[in-house]
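One structure is given here, and the rest of the page talks about it.
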Amino acid sequence: MSVPLLKVTLGFWDRHLTWLMQEEKQNQQRINKKFPDSESHQLTTNLRTVRGLNEHTMRPLEQNPTNENVAGDYISPFHDIPLKVDSTEENGIPTKRARNDEYENLFNMVVEVPRWTNAKMEIATKEPLNPIRQDVKDGKPRYVANIFPHKGYIWNYGALPQTWEDPHRKDKSTDCCGDNDPIDVCEIGSKVLSRGEVIRVKILGILALIDQGETDWKIIAINVNDPEAAKFHDIDDVKKYKPGYLEATLNWLRFYKVPEGKPENQFAFNGEFKNKAFALEVIKSTHECWKALLMKKCDGGAINCTNVQVCDSPFHCTQEEARSIVELVPSSPSKEGNEEDAEHVWHFLGK
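Count the sequence shown with our numbering and you get residues 1 to 351, in order.
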């Protein structure tokens, strides 16, 4: 049952939340500076050079990926960025054996939505090379609403590459099929990241959101370069060092669609956050589903599997073909959206 909705314009609360707005604007300025041809209300990232991660040349699926620089190559953020961080080297320096256990928990994350922003950006799974672009509904770009006291997204939001929640495969723990997307990540570190950035994260736990009968896993993770990352090893550390954050996450995910007139989201396990070990098993399972997708061993439907790095995939293309794909894509026209409302209108939910 949905709670009553009261929509008001930002007035008194502006004085209390000005710092959020300033931080968002500064972050958007950084994004626009790095992507000068993009428009803030409908930004598309083609990932020619992925920030924060050397571009990768991958061996076949049966082998581990390497970290070979291929500067200037076009890649798919869905298929061409390795899921796992290479544990043999760090900045070109061999890692110590004692740290191997920690590296088993390191994964690459593609940032789609910086914290405090409203634009609903996502990897376009049905387009060639899967650019990051703003979701569109009824011809208009989409934004998430501000639901007091939260401004936009309350974490850096993104996805784990080389994972796929198979819509034809029922999850044993939730009894629901997947949502046909890469697995989502809520990064809880202190830094506001940039759209299109690729970072290394430590997995801490996971939440099972059920969206219209589909399993939509939400990984809880932290940037390994965050000043506080050394304190976080599992979901209980989030409760200890960031009290209230998991509760806020649950509420945000439960209510964020209510301003659109949709019902509250539901959760498996009564909204319980599962620990790191559980999360790692889910990641492993979704990675296996992605492998089957890339090797054409399952029905991918409209998912576009074009890639330049997985050399034994039937969807593999050359760099020249990838360049042609990107150059032939027309520029997205400007579309009238509700950005002003998304930034300055607040929704108050109460019983």
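Where is the CB? At the ideal position from N, CA and C, for every residue including glycine.
Quick caveat, the model's predicted, so the values are computed rather than measured.
- The alpha carbon of CYS186 has as its nearest neighbour, out of ASP171, TYR153, ARG133, the alpha carbon of TYR153.
- Of all alpha-carbon atoms in ILE210, ARG200, ARG115, ARG133, the one lying nearest the alpha-carbon of ASP226 is that of ARG200.
- Secondary structure at VAL238: helix, using DSSP grouped into helix, strand and coil.
- Cα atoms of ILE183 and SER173: separation of roughly 16 Å, rounded to the nearest angstrom.
- Secondary structure of ASN156 (DSSP, three-state): strand.
- Taken in chain order, the whole beta strand (DSSP E) runs of length 3 or more contained in the stretch 174-254 are 184-187, 198-211, 214-223.
- Closest in alpha carbon position to ALA208, among GLY72, ASP179, LYS242, PHE232, is ASP179.
- Counting along the chain, no beta strand (DSSP E) covers LEU129, and no H or E run does either.
- With a cutoff of 8 Å on beta-carbon distance, LEU129 and SER76 are scored as near each other.
- When only Cα atoms are considered, HIS347 and GLY244 end up about 20 Å apart.
- In terms of CA proximity to ASP312, LYS297 leads the group GLN212, LYS297, VAL326.
- The three-state reading of DSSP puts VAL282 in helix, counting H, G and I together.
- The bridge partners DSSP lists for MET121 are GLN134.
- One Cα belongs to THR125, the other to ASP236, and the distance between them is close to 33 Å.
- Contact check for VAL238 and TRP116: beta-carbon distance about 19 Å, past the 8 Å limit, so the pair fails to qualify.
- Around the Cβ of GLU281, a 10 Å sphere holds fewer than 16 other Cβ atoms; the residue is exposed.
- Considering only GLU104, ASN304, GLN212, the residue with the shortest C-alpha distance to PHE78 is ASN304.
- Beta-bridge partners of HIS316 (DSSP): ASN307.
- The Cβ-Cβ distance between ILE188 and ALA268 does not fall below 8 Å.
- Bounds of the beta strand (DSSP E) holding GLU112 are 106-113.
- Judged by beta-carbon spacing, ILE81 lies beyond the 8 Å limit of THR163, meaning their Cβ atoms are not closer than that value.
- In this model, ILE132 and ASN307 are separated by some 15 Å (Cα to Cα).
- DSSP, reduced to helix, strand and coil, places PHE269 within a helical segment of the structure shown.
- In the displayed model, LYS84 falls within a strand according to three-state DSSP.
- Distance from the CA of GLN319 to the CA of VAL310, rounded to the nearest whole angstrom, comes to 12 Å.
- When the beta-carbon positions are compared, GLU264 and PHE255 come within less than 8 Å of each other.
- In the DSSP secondary-structure assignment, PRO141 is bridged to VAL136.
- Counting every other CB atom within 10 Å of its CB across the protein chains shown gives GLU197 a total of 16 or more, marking it as buried.
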